[in-house]
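Numbering (full-length UniProt numbering), first residue to last: 1 to 325.
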Ligand code: BTN
């Protein structure tokens, strides 16, 4: 079965806004037989699309399933590169693991891995990541940028800016970035970003950007130990979020901002990151493995290293720490 035709058919039904489209009309538009149209409709129904078929009038789309499977996402996707190839698995240990494997097998730049739930979702510093079924966006994006490995951290900052923009656009909420890459709303974490690298003597083979976004959880969907510090977009806005729209917005903004970064360099991304940051300019406590430093967060370097000035006037580069404000 031709998946592109099925996407186009789904798009056409969505755009018809509840109007009936006849089998003949669809067959003519897509250059296929009416039986082929009917088969595509059945496939869409199997995927959870609710489609009413009325004799002599045709097909009416009644509802779209709340899943992140490719037809639902790609139908209205506005990107050229990111998300053109998608791998969807209903449940998996971690989308990062699948993305690493796909990257080794040579998958295209911009490949996206999506799931409804992860059984071993992983966060930064080998922490576990809560991934409640169908409540969030658990996604890994494979990029193959032509840059030196030292520039990899900059992509995490590019992704953070893109995530903020996507959340703003879809929900109207005003997220902030807490260094290094936590996205917070009202001081609570709603998104985490984990960037991993595959590189060799020739440079970066693949960057795997993992994004965990809490969309529709209620407080009891989080493990007890993070209920005080985690939040979801639904908890913050009081409204259920359309996860499909959010994935499309995320992919769109990640593509836009990676393009800006490649074409115009890091300076503009750094400015945007700092403008969204809740850390910069603030007094903070940086808890590291061996010591804790207290001071003012002055900015980030081009490598994403936090610049912390302590009371004695010394400037410290912080590479990895838990930040308290
Ligand atoms: C963090 O510690 O803040 C980063 C969390 C990243 C979680 C995402 S969810 C999708 C992808 N798969 C994983 O196992 N982790 C990342």
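Quick reminder that beta carbons are idealized off the backbone N, C-alpha and C, glycines included. In this text, all values refer to a predicted model and were calculated from it rather than measured experimentally.
Contact belief for residue 164 with residue 258 at Cβ below 8 Å, rounded distance in angstroms
Your numbering for residue 164 matches position 164 in the chain shown. Your numbering for residue 258 matches position 258 in the chain shown. Their Cβ separation, rounded to whole angstroms, is 15 Å, which puts residue 164 and residue 258 out of contact at 8 Å.
Note down the Cα distance separating residue 80 from residue 14, rounded to an integer number of angstroms.
Here residue 80 refers to the residue found at position 80 when the chain shown is read from its first residue. Here residue 14 refers to the residue found at position 14 when the chain shown is read from its first residue. Going by the C-alpha atoms only, they are around 21 Å apart.
Which one or two residues does DSSP pair with residue 88 in a beta bridge?
Numbered from its first residue, the chain shown carries residue 88 at position 88. The beta-bridge partner set that DSSP reports for residue 88 consists of 114.
I believe residue 274 touches residue 280 by the beta-carbon criterion, under 8 Å. Please report the beta-carbon distance rounded to the nearest angstrom.
Translated into positions along the chain shown, residue 274 becomes position 274. Translated into positions along the chain shown, residue 280 becomes position 280. Under the criterion of beta carbons closer than 8 Å, residue 274 and residue 280 qualify as touching, at roughly 5 Å.
Which residue spans inside the stretch 199-234 form an unbroken beta strand (DSSP E) run of at least 3?
The stretch 199-234 contains these whole beta strand (DSSP E) runs: 203-214.
Looking at the secondary structure, which residues open and close the beta strand (DSSP E) in which residue 329 lies?
The requested residue 329 is not part of the displayed model; the chain covers only 1 to 325.
Just to confirm, are residue 297 and residue 315 a CB contact at a threshold of 8 Å?
Here residue 297 is taken as the residue at index 297 of the chain shown, counted from 1. Here residue 315 is taken as the residue at index 315 of the chain shown, counted from 1. Going by C-beta atoms, residue 297 is not nearer than 8 Å to residue 315.
Near the ligand BTN: residue 273 beta-carbon under 7 Å from a heavy atom:
Indexing the chain shown from 1 puts residue 273 at position 273. No, the beta carbon of residue 273 sits no closer than 7 Å to any heavy atom of the ligand BTN.
Can you tell me whether residue 116 is buried or exposed, with buried defined as 16 or more other CB within 10 angstroms of its CB?
The count along the chain shown starts at 1 and reaches residue 116 at position 116. Answer is buried; the Cβ neighbour count reaches 16.
Would you please state the rounded distance, in angstroms, between the beta carbons of residue 86 and residue 74? I believe it to be under 8 Å.
As a first step, residue 86 is located in the chain shown; it is residue number 86 there, counting from the start. As a first step, residue 74 is located in the chain shown; it is residue number 74 there, counting from the start. About 7 Å; that satisfies the 8 Å criterion.
Which residues does DSSP pair with residue 59 in a beta bridge?
Residue mapping note: residue 59 aligns to position 59 of the chain shown, counting from 1. Partner(s): 21 and 53.
By the DSSP assignment, the alpha helix (DSSP H) with residue 104 in it spans what residues?
To locate residue 104, count along the chain shown from 1; it is residue 104. Element bounds for residue 104: 95-104.
Taking the beta strand (DSSP E) that residue 307 falls in, what are its first and last residues?
Start at 1 with the first residue of the chain shown, and residue 307 comes out as number 307. Here the beta strand (DSSP E) through residue 307 covers 306-310.
Could you check if residue 138 belongs to the surroundings of the ligand MN, using beta carbon to heavy atom distance under 7 Å?
Only the ligand BTN can be found as ligands here, which leaves the ligand MN out of the picture.
Grab me the residues of residue 72's own chain with a C-beta within less than 7 Å of its C-beta, minus the 5 sequence neighbours each way, in chain order.
In the chain shown, residue 72 corresponds to position 72, counting from 1. So the qualifying residues of the chain are 64, 65 and 244.
Pick out the complete alpha helix (DSSP H) segments inside the stretch 146-200, 4 residues or longer, and give them in chain order.
Runs of the alpha helix (DSSP H) inside the stretch 146-200: 152-171.
Should the stretch 204-216 be called in touch with the stretch 227-236, which here means at least 3 C-beta pairs below 8 Å?
yes
Output the distance between the C-alpha atoms of residue 295 and residue 130, rounded to the nearest integer angstrom.
As a first step, residue 295 is located in the chain shown; it is residue number 295 there, counting from the start. As a first step, residue 130 is located in the chain shown; it is residue number 130 there, counting from the start. Taking the straight line from one Cα to the other gives about 32 Å.
Within the stretch 232-273, ranges of the alpha helix (DSSP H) (whole runs, at least 4 residues):
233-237 and 243-264
Spatial distance of residue 228 from residue 18 (CA atoms):
Counting from one through the chain shown, the residue named residue 228 turns up at place 228. Counting from one through the chain shown, the residue named residue 18 turns up at place 18. One C-alpha to the other measures close to 43 Å.
Backbone secondary structure at residue 82 - three-state DSSP:
If you number the chain shown from 1, residue 82 lands on position 82. Note: residue 82 maps to coil in three-state DSSP.
Excluding five sequence neighbours on each side, which residues of the same chain lie with their C-beta closer than 6 Å to the C-beta of residue 37?
Position 37 of the chain shown holds residue 37. Correct list, in chain order: 23, 26 and 27.
Looking at residue 93: is its Cβ nearer than 8 Å to the Cβ of residue 111?
Position 93 of the chain shown, counting from 1, holds the residue named residue 93. Position 111 of the chain shown, counting from 1, holds the residue named residue 111. No, the Cβ-Cβ distance between residue 93 and residue 111 is not below 8 Å.
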